[in-house]
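A quick write-up on the structure given underneath.
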Amino acid sequence: MTPNGWLQIAVFFTLLLLAAKPMGLYMARVYERQKTLLDPVLGPVERLLYRITGVDANAEMGWIEYGAAMLIFSLSTLLLTYAIERLQHAIPLWNPQHLAAVEPYLAWNTAASFTTNTNWQSYVPETTMSYLTQMVGLATHNFWSAATGMALAIAFIRGISRRESKKLGNFWVDLTRGTLWVLLPICLVYSLALVSQGVVQNLKPYDTATLVEPQTVTATGTDGKPVTTTVTTQTIAQGPAASQEAIKMLGTNGGGFFNANSSHPFENPTPLSNMLQMLSIFLIPAGLCITLGKMVGSPGHGWAVYAAMSVLWLAGVATCYWAEAQPNPLLHGVNQRVVQTGAAQSPGGNMEGKEVRFGIANSALFATVTTDASCGAVNAMHDSLMPLGGLVPLSNIHLGEIIFGGVGAGMYGMLIFVILTVFIAGLMVGRTPEYLGKKVQAFDVQMSMLYFLIFPVVILGFSAVAVLSPSFGTSSLSNHGPHGLTQILYAYTSAAGNNGSAFAGLNANTHWYNSTLAITMLAGRFLMIVPMLAVAGNLATKKIAPPSLGTFPVNTPLFTALLVSVIVIVGALTFFPALSLGPILEHLLLRSGISFS
Amino acid sequence: MSDLVFLAASFAFFLVAVLYVYGCQALKGGRDDA
Numbered sequence: 000m001t002p003n004g005w006l007q008i009a010v011f012f013t014l015l016l017l018a019a020k021p022m023g024l025y026m027a028r029v030y031e032r033q034k035t036l037l038d039p040v041l042g043p044v045e046r047l048l049y050r051i052t053g054v055d056a057n058a059e060m061g062w063i064e065y066g067a068a069m070l071i072f073s074l075s076t077l078l079l080t081y082a083i084e085r086l087q088h089a090i091p092l093w094n095p096q097h098l099a100a101v102e103p104y105l106a107w108n109t110a111a112s113f114t115t116n117t118n119w120q121s122y123v124p125e126t127t128m129s130y131l132t133q134m135v136g137l138a139t140h141n142f143w144s145a146a147t148g149m150a151l152a153i154a155f156i157r158g159i160s161r162r163e164s165k166k167l168g169n170f171w172v173d174l175t176r177g178t179l180w181v182l183l184p185i186c187l188v189y190s191l192a193l194v195s196q197g198v199v200q201n202l203k204p205y206d207t208a209t210l211v212e213p214q215t216v217t218a219t220g221t222d223g224k225p226v227t228t229t230v231t232t233q234t235i236a237q238g239p240a241a242s243q244e245a246i247k248m249l250g251t252n253g254g255g256f257f258n259a260n261s262s263h264p265f266e267n268p269t270p271l272s273n274m275l276q277m278l279s280i281f282l283i284p285a286g287l288c289i290t291l292g293k294m295v296g297s298p299g300h301g302w303a304v305y306a307a308m309s310v311l312w313l314a315g316v317a318t319c320y321w322a323e324a325q326p327n328p329l330l331h332g333v334n335q336r337v338v339q340t341g342a343a344q345s346p347g348g349n350m351e352g353k354e355v356r357f358g359i360a361n362s363a364l365f366a367t368v369t370t371d372a373s374c375g376a377v378n379a380m381h382d383s384l385m386p387l388g389g390l391v392p393l394s395n396i397h398l399g400e401i402i403f404g405g406v407g408a409g410m411y412g413m414l415i416f417v418i419l420t421v422f423i424a425g426l427m428v429g430r431t432p433e434y435l436g437k438k439v440q441a442f443d444v445q446m447s448m449l450y451f452l453i454f455p456v457v458i459l460g461f462s463a464v465a466v467l468s469p470s471f472g473t474s475s476l477s478n479h480g481p482h483g484l485t486q487i488l489y490a491y492t493s494a495a496g497n498n499g500s501a502f503a504g505l506n507a508n509t510h511w512y513n514s515t516l517a518i519t520m521l522a523g524r525f526l527m528i529v530p531m532l533a534v535a536g537n538l539a540t541k542k543i544a545p546p547s548l549g550t551f552p553v554n555t556p557l558f559t560a561l562l563v564s565v566i567v568i569v570g571a572l573t574f575f576p577a578l579s580l581g582p583i584l585e586h587l588l589l590r591s592g593i594s595f596s
Numbered sequence: 000m001s002d003l004v005f006l007a008a009s010f011a012f013f014l015v016a017v018l019y020v021y022g023c024q025a026l027k028g029g030r031d032d033a
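Taken in sequence, the protein lines are chains A and B. Reminder that position 51 of the first sequence reads as 50 in numbering that gives the first Met the number 0, one-by-one numbering, no gaps. Reminder that position 18 of the second sequence reads as 17 in numbering that gives the first Met the number 0, one-by-one numbering, no gaps.
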């Protein structure tokens, strides 16, 4: 670890802190339908959309209606994306490479992936998706799924702030305002900033470059014999990347325009673009903490939640950075050409799978940020992280991606943890738990526990079947032993957490993984949203009791500490056995000089 | 054929999700937590 590395991490945190408050207060104004500077431009567009779709913007919904609207919208967009993928070869628009229709299993996996804000990619975009599919099927979905998550978080916040009401707002209005007032304006400016750094934005066919040094490549032919060819040219993929890149990061979607995602020089060319991308992942989730404080009338509560998220973020990035800054013990002193100690020309530590222009600190920070949130974009190969370095992104998702988290999803996930924390605090002092003056009762806790239990059931259930199935489960592994278990566990964890990052050593483009990961993504999104909305709807109906001596304050360092403890204990207890057989065992074996092919 | 299977699977999942909504509501029953 170097002072320069820590300085960059500190700069990241400071910039985020400065941006969170204005962002949060702006979002509160947007969702409370108060005046903003963009109203003269966007107001007429909003009204036109409601007129076309027949939405009554003043009609509010109860939690069941809100949830049903969200489900109908998500099903519609899933089917639209599936249709575009399957028909892309027949649509005479923006398909300069003449790419064929996407195979059905893969198309469904991808449609489910983008509907759920996961953006798990079992495909290679450059050779699979036309520009039309990338723009209309995928980039548009990035806006919709992000705006849906934000709408749901706002509905939950309204559930806390309203008293004796059965209404949580109007899903269509929240969806529209989140898209028009928050996502689109920022993405417009952000895309141009990325273009200024060198991110490509065009509709050209791919370029072909002649190699300065032709390469001789030997591969196994269809008859099993080695075939040697000389490669003299390279295809350089193009496309509308910057416009997709902006919402990919801001909406915590994470699906790369190119297969190499944010390690591709056309997608993330410079250290500045890298810093912008990391900041944009956390921008809305951090702002939502301030929105929470503003809308529930307790700014201190919003900051207490922000502090809890910051503590967990710092613990993650410090662990990951430390682990990656260590030399690989199997290489240390054996091969002198592998420089693993800090020197003028080398950052030291484990540089396998990392981009030289980002180095270890920014790769560790990116890996932590992208899995704290449900983004899943990567600027380094997670499969190449040291075992304890890889443990951090995996654990971040296991905690429920509530460390700032996905846009909206992180906030409502964190609020479920807050309900649980308040409940436990109430039990400790022997009083009826209250959260901001509202009694937390049996139904709220039942729904919260349902929310928590779905997550490990789908992850551990499917992982167990895959691990025990050589024909379709372990046959996709690139490594065996504990690292192989981690590859499978990571895939289902990433899918259930709607993260989308891959450990990348697993070949997931098979019928088994495409179909089960799609089911995992859908379950991890919608089967968790439903009980969350039930809690919100129930909280909205309650009276607000005035604070008394027995009220547990939720704006103090004590609350922050208790919240962090509950998050760590719930996450650790649920997944520790699986982690001990995966990355922890791999770390111990590696220290003993044992690795697996 | 595969397209029809995935179309049916999509509708089936969201139907389950809608039933799940009413299942959660039924769990609350007639209790008045307010």
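Even glycine gets a Cβ: it sits at the ideal position worked out from N, Cα and C.
CB residue i to CB residue j, shorter than 8 Å?
{"i": "residue 187 of chain A", "j": "residue 147 of chain A", "result": "no"}
{"i": "residue 531 of chain A", "j": "residue 450 of chain A", "result": "yes"}
{"i": "residue 253 of chain A", "j": "residue 73 of chain A", "result": "no"}
{"i": "residue 66 of chain A", "j": "residue 406 of chain A", "result": "no"}
{"i": "residue 61 of chain A", "j": "residue 166 of chain A", "result": "yes"}
{"i": "residue 114 of chain A", "j": "residue 86 of chain A", "result": "no"}
{"i": "residue 597 of chain A", "j": "residue 243 of chain A", "result": "No answer is possible for residue 597 of chain A: the residues shown for chain A start at 0 and end at 596."}
{"i": "residue 539 of chain A", "j": "residue 164 of chain A", "result": "yes"}
{"i": "residue 498 of chain A", "j": "residue 596 of chain A", "result": "no"}
{"i": "residue 403 of chain A", "j": "residue 285 of chain A", "result": "yes"}
Among the options, which residue has its Cα nearest to the Cα of residue i?
{"i": "residue 329 of chain A", "options": "A/33, A/10, A/589 and A/182", "result": "A/589"}
{"i": "residue 573 of chain A", "options": "A/397, A/168, A/216 and A/207", "result": "A/397"}
{"i": "residue 140 of chain A", "options": "A/355, A/192, A/247 and A/221", "result": "A/247"}
{"i": "residue 490 of chain A", "options": "A/98, A/112, A/11 and A/90", "result": "A/112"}
{"i": "residue 273 of chain A", "options": "A/126, A/360, A/442 and A/210", "result": "A/360"}
{"i": "residue 240 of chain A", "options": "A/226, A/264 and A/217", "result": "A/264"}
{"i": "residue 569 of chain A", "options": "A/417, A/483, A/543 and A/515", "result": "A/417"}
{"i": "residue 457 of chain A", "options": "A/516, A/200, A/356 and A/322", "result": "A/516"}
{"i": "residue 504 of chain A", "options": "A/522, A/473 and A/524", "result": "A/473"}
{"i": "residue 71 of chain A", "options": "B/17, B/1, B/8 and B/6", "result": "B/17"}
{"i": "residue 215 of chain A", "options": "A/225, A/184 and A/207", "result": "A/225"}
{"i": "residue 36 of chain A", "options": "A/181, A/108 and A/97", "result": "A/181"}
{"i": "residue 88 of chain A", "options": "A/439, A/99, A/535 and A/495", "result": "A/99"}
Say whether chain A places a C-beta atom closer than 8 Å to the C-beta of residue i.
{"i": "residue 16 of chain B", "result": "yes"}
{"i": "residue 33 of chain B", "result": "Residue placement at residue 33 of chain B is flagged as unreliable, the pLDDT there being 46, under the threshold of 50; a coordinate-derived value is accordingly withheld."}
How about residue i: is its C-beta nearer than 8 Å to some C-beta of chain B?
{"i": "residue 436 of chain A", "result": "no"}
{"i": "residue 446 of chain A", "result": "yes"}
{"i": "residue 101 of chain A", "result": "no"}
{"i": "residue 66 of chain A", "result": "yes"}
{"i": "residue 453 of chain A", "result": "no"}
{"i": "residue 355 of chain A", "result": "no"}
{"i": "residue 456 of chain A", "result": "no"}
{"i": "residue 83 of chain A", "result": "no"}
{"i": "residue 63 of chain A", "result": "yes"}
{"i": "residue 442 of chain A", "result": "yes"}
{"i": "residue 107 of chain A", "result": "yes"}
{"i": "residue 419 of chain A", "result": "no"}
{"i": "residue 597 of chain A", "result": "The structure shown does not extend to residue 597 of chain A, since chain A is modelled only from 0 to 596, so the question has no answer here."}
{"i": "residue 169 of chain A", "result": "no"}
{"i": "residue 530 of chain A", "result": "yes"}
{"i": "residue 275 of chain A", "result": "no"}
Please work out which residues of its chain come closer than 7 Å, Cβ to Cβ, to residue i, disregarding the five sequence neighbours upstream and downstream, and give them in chain order.
{"i": "residue 383 of chain A", "result": "351 and 352"}
{"i": "residue 279 of chain A", "result": "189, 248 and 249"}
How many whole angstroms separate the CB atoms of residue i and residue j, which I take to be in contact at a CB cut-off of 8 Å?
{"i": "residue 413 of chain A", "j": "residue 533 of chain A", "result": "Going by Cβ atoms, the distance from residue 413 of chain A to residue 533 of chain A rounds to 17 Å, so no, they are not a contact pair."}
{"i": "residue 310 of chain A", "j": "residue 363 of chain A", "result": "Residue 310 of chain A to residue 363 of chain A, Cβ: 17 Å. No contact."}
{"i": "residue 19 of chain A", "j": "residue 411 of chain A", "result": "Not a contact, Cβ separation roughly 18 Å."}
{"i": "residue 354 of chain A", "j": "residue 481 of chain A", "result": "At roughly 27 Å, the Cβ-Cβ gap does not stay under 8 Å, so residue 354 of chain A and residue 481 of chain A are not in contact."}
{"i": "residue 289 of chain A", "j": "residue 301 of chain A", "result": "5 Å"}
In its own chain, which residues sit with a C-beta less than 8 Å from the C-beta of residue i, not counting the 5 before and 5 after it?
{"i": "residue 4 of chain B", "result": "none"}
{"i": "residue 33 of chain B", "result": "Its pLDDT being 46, under 50, residue 33 of chain B is placed unreliably in this model, and the value from its coordinates should be taken loosely. Nothing listed; no residue qualifies."}
{"i": "residue 580 of chain A", "result": "481 and 484"}
{"i": "residue 379 of chain A", "result": "262, 352, 353, 354, 357, 362, 365 and 366"}
Would you say residue i touches the ligand ATP, meaning its beta carbon is less than 7 Å from a heavy atom?
{"i": "residue 502 of chain A", "result": "Looking at this structure, you won't find the ligand ATP or any other ligand, since it has none at all."}
Closer than 6 Å by C-beta to residue i: which residues in its own chain qualify, once you throw out the five before and the five after it? Chain order, please.
{"i": "residue 524 of chain A", "result": "115 and 497"}
{"i": "residue 4 of chain A", "result": "360"}
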